[in-house]
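Below: one structure, written as structure tokens.
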Amino acid sequence: MDETHPDAPAAAHGLSARLIIDRDALARNFQRLQAMARGAETGASIKADAYGLGAAALAPRLAREGCRTFFTATPEEGAELRRSLGGGEADIWVLNGYDRAQRAVYVEQRLGAVLNQACELADFADEPAGPCALHLDTGMNRLGFSPQETEDLIAAPGVLEDLDLRVIMSHLACSEEPSNPMNAAQRERFTALAGRLPKARLSLANTGGVMLGEAYHFDLARPGIGLYGASASLAEPHPFEPVARLEAPLVQLRQLQPGDSVGYGASFTAGRPMTVATAAVGYGDGLPRALSGKGFARIADRRAPILGRVSMDLVVLDVSDCEAEARAGAPAVFLGEDLTETAKLAGALPYELLTGLGLRPARVYEGAP
1 MDETHPDAPA
11 AAHGLSARLI
21 IDRDALARNF
31 QRLQAMARGA
41 ETGASIKADA
51 YGLGAAALAP
61 RLAREGCRTF
71 FTATPEEGAE
81 LRRSLGGGEA
91 DIWVLNGYDR
101 AQRAVYVEQR
111 LGAVLNQACE
121 LADFADEPAG
131 PCALHLDTGM
141 NRLGFSPQET
151 EDLIAAPGVL
161 EDLDLRVIMS
171 HLACSEEPSN
181 PMNAAQRERF
191 TALAGRLPKA
201 RLSLANTGGV
211 MLGEAYHFDL
221 ARPGIGLYGA
231 SASLAEPHPF
241 EPVARLEAPL
251 VQLRQLQPGD
261 SVGYGASFTA
271 GRPMTVATAA
281 VGYGDGLPRA
291 LSGKGFARIA
301 DRRAPILGRV
311 SMDLVVLDVS
321 DCEAEARAGA
331 PAVFLGEDLT
341 ETAKLAGALP
351 YELLTGLGLR
361 PARVYEGAP
């Protein structure tokens with residue numbers, strides 16, 4: 001079943017890029033992560049609109065695959081996710097903290113508050129808004145109870161007595177580097193601190209943590225990027241299927257002679273006769289300008305290098321090696337199976353590429369909803 005995201009602009013696909021999103025591949029990635037996180041529940045990080053791919057279209061499929069716990073960044077994301085799930089009984093956690101001014105949203109949408117600091121705990125305890133989780137900082141120094149705040153909490157356990165504490169969590173700073181000693185150090189700190197707090201489910205593993213092995217899985221894993229077809233590591237292989245590919249039609253072909261230049265700044269000059277094609281995609285669609293002169297597309301599964309600068313709406317490709325397939329209207333495919341390699345070339349991470357895809361490319365969903 002194919003469908004277009006309702007928020008995407010109407011597009012004449014003959015002249016516009018499309019983002020093709022495979023829900024069946026998403027489901028298989030979820031199943032892989034479940035198998036890898038053996039013994040733990042596998043949840044799903046679906047923040048930033050499911051990493052740019054459309055939470056409203058993807059969360060229901062994950063729920064049908066058995067996902068019962070979702071993680072968002074903000075209460076607004078959590079409320080929208082609850083609506084996308086048609087209400088339901090799934091647990092939805094808000095990772096960025098608790099805002100007392102939005103208590104009604106937590107209550108009405110049955111959102112779980114992840115408490116990141118003592119002042120949030122005090123606000124929440126004064127007027128509880130449902131279930132809560134504690135986030136302990138074990139070395140990342142981004143969010144979470146500081147070591148001193150955690151010790152203060154351990155010394156005053158009565159603060160938590162009347163709360164519905166469901167989860168104690170932390171976040172790995174270096175899970176994309178399996179040999180980094182920070183991983184084991186954080187796990188040991190987390191285990192020691194959580195063991196001194198009231199009993200709750202423990203959660204440490206993101207996608208990288210799941211891949212680190214059983215010692216990191218605890219009770220609840222919360223993978224993100226693996227669901228969407230990549231890994232945080234640009235060096236290590238991963239078992240996940242590509243979920244999204246950016247397709248752009250070829251809108252013009254031409255022949256270059258030696259000395260002809262391409263694009264803004266004339267940054268590429270042909271040194272031989274070449275066939276080039278202009279594809280209707282650019283940084284206005286989320287294709288990074290950093291790929292200028294070093295990225296590539298696939299045309300009929302053959303690589304077509306980017307020549308010159310990526311512009312706002314267009315990019316020029318060398319199609320000399322795929323002239324037979326490179327016809328006006330033929331699709332040039334970006335990302336997809338090449339997401340990690342493309343991220344490397346752009347000096348970015350797969351997360352950045354996916355979340356940076358704008359709404360101009362129409363979202364087209366394949367597979368069962």
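Position one of the sequence shown corresponds to residue 1 (the UniProt record's numbering), numbered consecutively onward. Even glycine gets a Cβ: it sits at the ideal position worked out from N, Cα and C.
Sixteen is the threshold: when 16 or more other Cβ atoms of the shown chains lie within 10 Å of the Cβ of residue 365, as they do, the residue is buried. Around the beta carbon of residue 43, 16 or more other beta carbons sit within 10 angstroms, so the residue counts as buried. Excluding the 5 residues flanking it on each side, residue 233 has same chain C-beta neighbours closer than 6 Å at 176, in chain order. If you check the CB distance, residue 361 and residue 15 do not come in under 8 Å. A check of alpha carbon separations from residue 39 across 217, 276 and 244 identifies 217 as the nearest. DSSP places residue 340 inside the alpha helix (DSSP H), whose first and last residues are 339-346. Buried is the label assigned to residue 75, since at least 16 other Cβ atoms lie within 10 Å of its Cβ. Residue 117 sits in coil when the DSSP states are folded into three classes, being neither helix nor strand. Counting the other CB atoms within 10 Å of its CB gives residue 47 a total of 16 or more, which places it among the buried residues. If you draw a 10 Å sphere on the C-beta of residue 107, you find fewer than 16 other C-beta atoms in it, and that means exposed. DSSP places residue 70 in the uninterrupted beta strand (DSSP E) bounded by 69-72. Exclusion of the five residues before and after residue 275 leaves 253, 254, 255, 256, 318, 319, 320, 323 and 326 as the residues of its chain whose Cβ lies within less than 8 Å of its Cβ. With a minimum length of 4 residues, the unbroken runs of alpha helix (DSSP H) contained wholly in the stretch 12-52 fall at 23-36 and 47-51. Under the DSSP definition of a beta bridge, residue 203 partners with 169. Rounded to whole angstroms, the gap between the alpha carbons of residue 200 and residue 285 is 43 Å. In the DSSP secondary-structure assignment, residue 272 is not bridged to any residue.
An exposed status is given to residue 154, since fewer than 16 other beta-carbon atoms sit within 10 Å of its beta-carbon. Using a Cβ distance threshold of 8 Å, residue 243 and residue 298 do not count as a contacting pair. By the C-beta criterion, the stretch 335-348 is judged not to be in contact with the stretch 23-32, since fewer than 3 inter-stretch pairs fall below 8 Å. No Cβ-Cβ contact shorter than 8 Å links residue 192 with residue 209. For residue 315, same chain residues with a beta-carbon under 7 Å away, outside a window of 5 residues either side, are 279, 281, 282, 287 and 306 in chain order.
At the C-beta level, residue 178 and residue 89 stay beyond 8 Å of one another. Here the alpha carbons of residue 277 and residue 72 stand approximately 41 Å from one another. Taking 8 Å as the cut-off, the beta carbon of residue 187 is found closer than this to the beta carbon of residue 204. Ranked by Cα distance from residue 25, the options 345, 353 and 53 are led by 53. In the DSSP assignment, residue 186 falls within the unbroken alpha helix (DSSP H) covering 181-194. Under DSSP, residue 306 forms a beta bridge with 317.
In the displayed model, residue 164 falls within coil according to three-state DSSP, outside both helix and strand. For residue 109 and residue 101, the gap between their C-alpha atoms comes out near 15 Å. With fewer than 16 other beta carbons inside 10 angstroms of its own, residue 196 counts as exposed. Closest by C-alpha distance to residue 37, out of 160, 345, 212 and 182, is 212. Residue 124 carries a helical assignment under DSSP once its states are collapsed to helix, strand and coil. Comparing C-alpha distances from residue 98 to each of 17, 130 and 91 shows the shortest one belongs to 130.
Within 10 angstroms of the beta-carbon of residue 272 lie fewer than 16 other beta-carbons, which makes it exposed. Ranked by how close their Cα comes to the Cα of residue 328, the residues 294, 304, 251 and 308 have 251 in first place.
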